[in-house]
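Everything on this sheet refers to the single structure shown next.
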Amino acid sequence: MKMFKKVTAAVLLGASALAVGGCATTLPTKVTRYQAMPVPAGQTFAVVPGMGAAARGGLEFQTFAQLAAQQLNARGYRQVASPAQAQLIVQLGYGVDRGRQVVQEEPFVGRGYGFGGYDPFWGVYTGRPYYSRFGYGFGYGRFGSPFYYGWDDPFWNGGLRVYTEYRSQLEMDIRDRATNQALFDGRAQARSTTDELGTLVPNLIEAMFTGFPGRSGETVKISVPTRRAR
């Protein structure tokens, strides 16, 4: 039974862990939240740019900020136009790295039912991964760290699956404007075969608000149906 569970987990990982790409319909995401949010009672809020690609502002940020605002409005908070008028300041940051090439040895090819390795990100057994040379991430604040360069499209070759894996992240911090007290710190992380922010960020926001505000200090795995920014 244990082996069956590991086999199933490996298959599911290959099918969905890098889901937003091709015809995939979900984005598996890890969400960590710390919160001391007040009970919703019409408190006003404004969304402002955070780290990463959000720091550029512009129409892209406004699109994603409005998605976050819709989520907060639906939960009993009230958006206002200016941070100076808001009781709560919502800082939204996001980005995606440049990708890394992964050559993954499939567990059922050439090894019987053996497994190549253990994936600590998702907690399942997979084929053994190999990585290419180092590149650099997008380099803003906590988002900045080295990543790998890779190729564009996954393909199969003699039991090896070669693809480019991208890691994306969204951070949302909420504080009381008058006292500067931190009320919410959240981080959503995902891996995918696309680096399109228009696909990734709406799904990361959806995951962030699933079960919002959540249990403080808890990390949960959430898969949401993929959507694009409109």
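Taking mature numbering (1 follows the signal peptide of the UniProt record, and there is no 0), I'd label the letters of the sequence shown as residues -21 to -1, 1 to 209.
Note that beta-carbon positions come from the ideal geometry of N, C-alpha and C, so glycine has one too.
Integer Cβ distance of isoleucine 184 from leucine 46, believed to fall under 8 Å: Counting from one through the sequence shown, the residue named residue 184 turns up at place 205. Counting from one through the sequence shown, the residue named residue 46 turns up at place 67. Yes, they are in contact, since the Cβ atoms of isoleucine 184 and leucine 46 sit about 5 Å apart, within 8 Å.
Contact belief for arginine 170 with arginine 146 at Cβ below 8 Å, rounded distance in angstroms: For this step, residue 170 is matched to residue 191 along the sequence shown. For this step, residue 146 is matched to residue 167 along the sequence shown. About 6 Å; that satisfies the 8 Å criterion.
Cβ-Cβ separation, leucine 179 to valine 75 (assumed contact under 8 Å), whole Å: The residue you call residue 75 lines up with position 96 of the sequence shown. The residue you call residue 179 lines up with position 200 of the sequence shown. At roughly 6 Å, the Cβ-Cβ gap stays under 8 Å, so valine 75 and leucine 179 are in contact.
C-alpha gap between arginine 35 and proline 28, whole angstroms: In the sequence shown, the residue the question calls residue 35 occupies position 56. In the sequence shown, the residue the question calls residue 28 occupies position 49. Using only the alpha carbons, I get a separation of about 8 Å.
Assigned secondary structure, valine 59 (DSSP; H/G/I helix, E/B strand, else coil): As a working mapping, residue 59 is identified with position 80 in the sequence shown. Of the three classes helix, strand and coil, the one that applies to valine 59 here is coil, per DSSP.
DSSP state of glutamine 148 mapped onto helix, strand, coil: Here residue 148 refers to the residue found at position 169 of the sequence shown. Correct three-state label for glutamine 148: strand.
Nearest-angstrom Cα separation, counted from valine 18 out to glutamate 197: Numbered from 1 along the sequence shown, position 218 holds the residue referred to as residue 197. Numbered from 1 along the sequence shown, position 39 holds the residue referred to as residue 18. Taking the straight line from one Cα to the other gives about 19 Å.
Through-space distance from arginine 77 to aspartate 174, alpha-carbon basis: In the sequence shown, counting from the first residue as 1, residue 174 sits at position 195. In the sequence shown, counting from the first residue as 1, residue 77 sits at position 98. Each residue's alpha carbon lies about 8 Å from the other.
Straight-line gap, glycine 123 to methionine 30 (C-alpha atoms, nearest Å): Numbered from 1 along the sequence shown, position 144 holds the residue referred to as residue 123. Numbered from 1 along the sequence shown, position 51 holds the residue referred to as residue 30. Residue placement at glycine 123 is poorly supported in this model, since its pLDDT is 37, which falls under 50; the coordinates still yield a value, given next. Straight-line Cα distance between these residues: approximately 10 Å.
Beta-carbon proximity list for arginine 54, same chain, < 7 Å, skipping 5 on both sides: In the sequence shown, residue 54 corresponds to position 75, counting from 1. Taken in chain order, the residues that qualify are Pro19, Phe191.
Residue range of the unbroken beta strand (DSSP E) whose run includes valine 10: Reading the sequence shown from its first residue, position 31 is the one you call residue 10. Segment 5 to 14, the beta strand (DSSP E) holding valine 10.
Own chain residues within Cβ distance below 6 Å of isoleucine 201, not counting five before or after: Taking the first residue of the sequence shown as position 1, residue 201 is located at position 222. Excluding positions up to five away in sequence, the list reads Thr8, Val10, Ala186, Thr189.
Cα-Cα separation between glutamine 50 and phenylalanine 24, rounded to whole angstroms: Here residue 50 corresponds to residue number 71 of the sequence shown, with the count starting at 1. Here residue 24 corresponds to residue number 45 of the sequence shown, with the count starting at 1. Using only the alpha carbons, I get a separation of about 12 Å.
Beta-carbon spacing of arginine 12, glycine 193 below 8 Å: Within the sequence shown, residue 12 is the residue found at index 33, counting from 1. Within the sequence shown, residue 193 is the residue found at index 214, counting from 1. The answer is yes: Cβ separation under 8 Å.
Backbone CA spacing between proline 181 and alanine 48 [nearest angstrom]: If you number the sequence shown from 1, residue 181 lands on position 202. If you number the sequence shown from 1, residue 48 lands on position 69. Answer to the nearest angstrom: the Cα atoms are 12 Å apart.
Cα-Cα separation, methionine 16 to valine 81: Looking up residue 16 in the sequence shown gives position 37. Looking up residue 81 in the sequence shown gives position 102. One C-alpha to the other measures close to 40 Å.
Secondary structure of arginine 54, DSSP reduced to three states: Within the sequence shown, residue 54 is the residue found at index 75, counting from 1. Reduced to three states, the DSSP call for arginine 54 is coil.
Cutoff 6 Å; reference tyrosine 92; Cβ partners in own chain excluding five residues on either side: Residue mapping note: residue 92 aligns to position 113 of the sequence shown, counting from 1. Residue confidence for tyrosine 92 is low, a pLDDT of 40 falling below 50, so the modelled location carries little weight and cannot support an answer.
8 Å Cβ cutoff met for glutamate 84 and leucine 149: For the purposes of this step, residue 84 is taken as the residue at position 105 of the sequence shown. For the purposes of this step, residue 149 is taken as the residue at position 170 of the sequence shown. No, these two residues do not count as a Cβ contact at 8 Å.
Burial state of threonine 143, where buried means 16 or more other Cβ atoms lie within 10 Å: For the purposes of this step, residue 143 is taken as residue 164 along the sequence shown, with counting starting at 1. Flag for threonine 143 reads buried.
Contact under 8 Å by Cβ, glutamine 22 with leucine 71: Here residue 22 refers to the residue found at position 43 of the sequence shown. Here residue 71 refers to the residue found at position 92 of the sequence shown. Not a contact, by the Cβ cut-off of 8 Å.
Three-state secondary structure (DSSP) of glutamate 175: As a working mapping, residue 175 is identified with position 196 in the sequence shown. Glutamate 175 falls in the coil class under three-state DSSP.
Nearest-angstrom Cα separation, counted from valine 141 out to serine 195: Taking the sequence shown and counting its residues from 1, one reaches residue 195 at position 216. Taking the sequence shown and counting its residues from 1, one reaches residue 141 at position 162. In a straight line, the C-alpha of serine 195 is about 38 Å away from that of valine 141.
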